[in-house]
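J.: Residue numbers (the working numbering): 1 to 328.
Virtual Cβ for every residue (Gly too), placed ideally from N, Cα, C.
Could you have a look at this structure, given as structure tokens, before my questions?
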């Protein structure tokens with residue numbers, strides 16, 4: 001088989017992927033759009049087959065080193081635990097995982113650290129699959145819930161945790177407010193997210209606007225916040241003790257994008273398992289992953305980490321205000 005034949009075949013496949021990609025956008029319209037997209041991804045099983053139980057990027061070390069794709073994803077959870085100081089907390093604390101997917105991270109938090117973990121997602125199919133994958137002896141449970149209107153009372157959790165859910169939120173300030181609201185006084189918020197460069201400082205140029213539009217329209221994202229902007233929104237809840245701590249993990253997570261594409265090449269059994277339609281569905285995601293790699297590699301996008309502690313004083317004010325509304 002000649003090199004020209006291989007390159008020609010790859011070229012044809014890339015063209016097919018781009019055509020399908022452009023013809024089937026998943027633009028955000030409402031939370032239902034997000035729920036339907038994740039229901040579909042969970043139902044067909046392709047995302048789980050290639051990405052495993054963790055529908056988020058991996059951590060490849062600092063500086064990054066070559067790692068097994070799925071191992072890097074599990075490592076991300078442990079690195080986030082350490083970064084947030086959660087490894088110093090006692091076991092059996094109550095933790096809420098906002099945007100839990102099919103529960104991969106939630107299960108690690110319950111099994112490895114002994115946390116009483118609750119995962120929420122807007123997708124009923126993800127709740128069903130997360131429950132199926134969770135052994136009875138693991139203290140993790142799952143339910144359908146909306147991150148912008150959480151069903152839990154004020155001051156319910158010792159830790160609120162979220163990975164890569166923010167881009168799906170049309171109201172980032174409400175997202176921050178709800179997560180801080182359900183934290184107990186002294187509780188810890190730890191968030192990992194895809195972010196855009198702060199365009200208040202450096203406006204997006206022409207090609208960057210085109211790339212961002214595609215990143216939004218292809219995976220049901222209303223917008224990306226910046227690291228600076230979202231940290232301000234967390235602080236503006238008025239429920240933070242001290243400062244919001246941030247970090248940039250772009251370099252540590254960057255290899256994930258090309259690794260995601262590589263999985264389809266080194267695991268051709270997926271073609272047999274999911275058939276031609278599954279192959280086309282997988283191919284359809286390649287342009288978005290390539291654009292993600294371009295965006296994060298060029299500084300248009302950044303991988304942001306956020307940590308905040310809930311203030312005891314302000315949470316008492318919040319609780320009194322809630323009580324007055326209820327009693328009125």
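1. Is residue 156 helix, strand or coil when you go by DSSP?
2. Can you tell me the Cβ-Cβ gap for residue 288 and residue 219, rounded? I've got them flagged as a contact below 8 Å.
3. Closer than 8 Å is the cut-off here; do at least three beta carbon pairs connect the segment 244-256 with the segment 267-276?
4. Shortest alpha-carbon distance to residue 295 belongs to which of 137, 211, 53, 145?
5. Measure from the alpha carbon of residue 158 to the alpha carbon of each residue in 207, 105, 88, then state which is nearest.
6. Measuring straight from C-alpha to C-alpha, what distance separates residue 20 and residue 309?
7. Please look up how many angstroms separate the CB atoms of residue 101 and residue 126, rounded, as I've assumed it's under 8 Å.
8. Using DSSP with H/G/I as helix, E/B as strand and the rest coil, what is residue 302?
9. According to DSSP, what are the bridge partners of residue 162?
10. Taking only three categories from DSSP, how would you classify residue 307?
11. Please give me, in chain order, every unbroken run of the alpha helix (DSSP H) with length at least 4 that falls completely inside the segment 64-128.
12. Does the beta-carbon distance from residue 178 to residue 215 come in below 8 Å?
13. Touching or not, the segment 75-90 and the segment 119-138, by the rule of three or more beta carbon pairs under 8 Å?
14. Please return the same chain residues whose Cβ sits closer than 6 Å to the Cβ of residue 307, not counting the five positions on each side in sequence.
15. Is it the case that the Cβ atoms of residue 193 and residue 228 are separated by a distance below 8 Å?
16. Could you give the C-beta distance for residue 241 and residue 302, rounded to a whole number, given that I count them as a contact under 8 Å?
17. Please go through the same chain and pick out, in chain order, the residues whose beta-carbon is closer than 8 Å to the beta-carbon of residue 321, but skip the five residues on each side of it.
18. Taking 8 Å as the threshold (beta carbon to beta carbon), is residue 111 in contact with chain D?
19. Roughly how many whole angstroms lie between the Cα atoms of residue 173 and residue 290?
20. Put residue 279 into one of helix, strand or coil per three-state DSSP.
21. Between which two residues does the beta strand (DSSP E) holding residue 246 run?
22. With C-beta atoms as the reference, is residue 180 less than 8 Å away from residue 133?
23. Where do the N-terminal and C-terminal ends of the alpha helix (DSSP H) with residue 210 fall, by residue?
T.: Reading off the structure:
1. In the structure shown, residue 156 sits in coil (DSSP, three-state: anything other than H, G, I, E or B).
2. Yes, residue 288 and residue 219 are in contact; Cβ-Cβ is about 6 Å, under 8 Å.
3. No: the two stretches stay apart, fewer than three of their Cβ pairs being nearer than 8 Å.
4. Nearest neighbour of residue 295 by Cα position, chosen from 137, 211, 53, 145, turns out to be 211.
5. Nearest option by C-alpha distance: 88.
6. Looking at the two C-alpha atoms, the distance is approximately 45 Å.
7. Your pair residue 101 and residue 126 checks out as a contact, with CB atoms roughly 6 Å apart and the cut at 8 Å.
8. When DSSP states are grouped into helix, strand and coil, residue 302 belongs to the strand group.
9. In DSSP, residue 162 forms a bridge with 98, 191.
10. Here residue 307 sits in strand by DSSP.
11. With a minimum length of 4 residues, the continuous alpha helix (DSSP H) runs that stay inside the segment 64-128 are 69-84, 104-113.
12. Not a contact, by the Cβ cut-off of 8 Å.
13. Too few Cβ pairs lie closer than 8 Å, so no.
14. The answer, listed in chain order, is 84, 190, 245.
15. No, these two residues do not count as a Cβ contact at 8 Å.
16. Rounded, the Cβ-Cβ distance is 25 Å, inconsistent with contact.
17. Reliability of the predicted coordinates at residue 321 is poor, the pLDDT of 42 falling under 50, and the value obtained from them is presented with this limitation in mind. Closer than 8 Å at Cβ, skipping near neighbours: no residue.
18. The chain labelled as chain D is not found in the depicted structure, where only one protein chain is given.
19. CA-CA distance, residue 173 to residue 290, rounds to 29 Å.
20. Reduced to three states, the DSSP call for residue 279 is helix.
21. 245-248 is the span of the beta strand (DSSP E), which, as asked, contains residue 246.
22. Contact flag unset, no.
23. Segment 206-218, the alpha helix (DSSP H) holding residue 210.
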